[in-house]
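In the working numbering, the protein residues as written are 3 to 704. Positions of the beta carbon are idealized from the N, C-alpha and C atoms, including for glycine. Shown next, in structure tokens, is the structure this report addresses.
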Ligand code: ADP
Ligand code: MG
């Protein structure tokens, strides 16, 4: 019987070294075929140290700073004990001129045949001690023949992500058996000349070396190629999308003159801050162009982003077109609606609010008005994305994301029905500063504007850190404020009581109601209530029918309740810095001085550092930087939120330098071959679309 030739798609079951029945264990780890196997990269490497003699090793094992991960030795089998016990334990003694050590094998009764006394073996395993005796458990063994001890340099052994049913050693041996055949089948998607220019290994070499490095440098060169590859692919995607926006798509070029500018500004009951003026100018420039704007507006809570958004929408309306604004929740949509309606009172702008709770008749009416152009400005929730909604001539879309990331693929709003290449200008607003590395990757196609100034006359919220023992005083103060007609939030980490020692909404509410806040109107709010109930509670709170809201972090999202002056955050060290800052932003939005009290007994340095950072500064950007510093970059990279597949090899911000190079190259590349249609880019294009096509919305590019 002839065997079918091995290909990258050859099933795992058909690869050498995979016993029948083992295929499932591989599949559970996502390894179905040879290609998947090659993509299963080592999590780390162990360095196997070859020791001159047993006595050498004996001298250092047990001292944790010196004990090597793996030790390799050559010696002679001195004695063997027969297999015994349920696990077929086999014991042997290995010796050289300097001493002896014990070899112990479990579940490998067959190995006894290879351990004849007098045989010279090279053994390699993790050294340890048992009853004081030097020992290697389940070492790998090879016949050593007559070779001398020091003939091989230190070895790097890849350690693979493994599972309960299949261990790293097994994975390693299966990979090693197919590695040469596998890498020979790999076709590189990067042109050879480019790889040479950038000193990148070929794809085949990179995979070979990452699985079978000879020296440490091999790992870093292999990693360089694979990480750079990932960064380059993403940057090419981002640049392609940018090119698509610039060259294929159109947006209405709005006319902007001094007169219009002044008329719009006259609508605001305040003078714009310098930062708002700067941003309005940046946006105005974008809107005058037929290239669709794709801009991110960053500004701390309360920095006045809404006015900037309104400016852009009014410019569209002045031009005889429409504007739309999308908010993450119904209550926020309504809040924007009423604030904007107030500013537009006695103007001719026709404005509506569209949410899921509009009646069918209302929805019909609004749909008709948007389609005919009778409605100039619509504010709503995701309900605006309903396919029944057709605009007559939509020129500006605002997306108020609050602090949530997630820029990809949301507003599929078209300017007009049937005009595929006509899209509105888009402005995304966020209160969360985005670290630079992130803004270069996922958000790489966004222009960024920043409002780094607060409207005048707003005193920052006072933040105090108190120990748990002092919380009685805190609630007395809150009660005092309630008596004066003010309101407050109390935030705890979890919804239900558990044995993790975390305060929960239910118990804490009862404690407050029976104790320090008895007589106050207290309500609960948390993420398990449905959206309707949450909105209903928020409405009653806004209308002053509730004094104190005991809640989880659901209240983070930006509702404006000027009369809420106090927020108490229990076990505050359990929350992230950015989160604490968002929570603090819930108060101090009215005339009274805002107060934020952090109640905590931090047990870690890190927890204490966060309490200090948040009490020290009120500047969201500095807090974000501090957060990055304290938490490390891993979590912040934000691929999860953005819908992009996480990197397998690249790491940010460590690989920032490579990212910058990849970005530069990608820009140049796309300039020369925008859709990667040249034959030598064919494979690259396919791999790019497969990796990022969906997340970057490159579907209609393909
Ligand atoms: P955010 O950036 O958090 O969305 P808002 O747009 O809601 O902030 O503005 C917060 C408050 O500041 C609102 O009450 C708004 O009317 C007010 N405001 C905005 N800009 C100014 C300004 N230039 N001068 C005075 N008040 C302003
Ligand atoms: Mg806002």
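If you measure from the CB of residue i, is any heavy atom of the ligand ADP nearer than 7 Å?
i           : result
residue 303 : yes
residue 457 : yes
residue 308 : yes
residue 562 : yes
residue 274 : yes
residue 433 : yes
residue 300 : no
If you draw a straight line from the C-alpha of residue i to the C-alpha of residue j, how long is it?
i           : j           : result
residue 306 : residue 270 : 11 Å
residue 293 : residue 387 : 22 Å
residue 13  : residue 124 : 34 Å
residue 58  : residue 29  : 43 Å
residue 247 : residue 379 : 24 Å
residue 344 : residue 351 : 12 Å
residue 340 : residue 538 : 17 Å
residue 281 : residue 317 : 14 Å
residue 699 : residue 296 : 14 Å
residue 113 : residue 21  : 18 Å
residue 212 : residue 231 : 14 Å
residue 555 : residue 573 : 12 Å
residue 283 : residue 372 : 28 Å
residue 108 : residue 691 : 48 Å
In terms of alpha-carbon separation, which member of the options lies closest to residue i?
i           : options               : result
residue 619 : 462, 682 and 476      : 462
residue 522 : 540, 483, 506 and 555 : 483
residue 239 : 682, 679, 685 and 672 : 672
residue 37  : 259, 188, 63 and 272  : 188
residue 598 : 275, 129 and 477      : 477
residue 549 : 567, 378 and 15       : 567
residue 485 : 498, 585 and 546      : 546
residue 261 : 343, 496 and 320      : 320
residue 590 : 457, 659, 681 and 541 : 457
residue 71  : 127, 42 and 221       : 127
residue 707 : 253, 308 and 110      : Shown here, the chain extends from 3 to 704; a query on residue 707 therefore has no answer.
residue 132 : 99, 104, 594 and 120  : 104
residue 383 : 421, 326, 431 and 371 : 326
residue 603 : 54, 505 and 33        : 505
residue 531 : 502, 315, 557 and 96  : 557
residue 587 : 700, 562 and 282      : 562
residue 467 : 54, 616, 659 and 172  : 616
residue 446 : 8, 243, 690 and 111   : 243
residue 219 : 232, 203 and 274      : 203
residue 583 : 431, 628, 551 and 526 : 628
residue 42  : 80, 552, 177 and 241  : 177
residue 97  : 114, 55 and 115       : 55
Should residue i be counted as a contact of the ligand MG given a C-beta to heavy atom distance under 7 Å?
i           : result
residue 454 : no
residue 675 : no
residue 402 : yes
So, helix, strand or coil for residue i, using DSSP?
i           : result
residue 477 : helix
residue 531 : coil
residue 176 : helix
residue 423 : coil
residue 162 : coil
residue 144 : strand
residue 198 : helix
residue 242 : helix
residue 296 : strand
residue 383 : coil
residue 641 : Note that residue 641 scores 43 on pLDDT, short of 50, meaning its location in the model is unreliable; the coordinates nonetheless yield the value given after this. It is helical.
residue 185 : helix
residue 345 : helix
residue 573 : coil
residue 505 : coil
residue 610 : helix
residue 214 : coil
residue 688 : helix
residue 302 : coil
residue 25  : helix
residue 722 : This structure gives no information on residue 722, because the portion of the chain shown stretches from 3 to 704.
residue 288 : helix
residue 578 : coil
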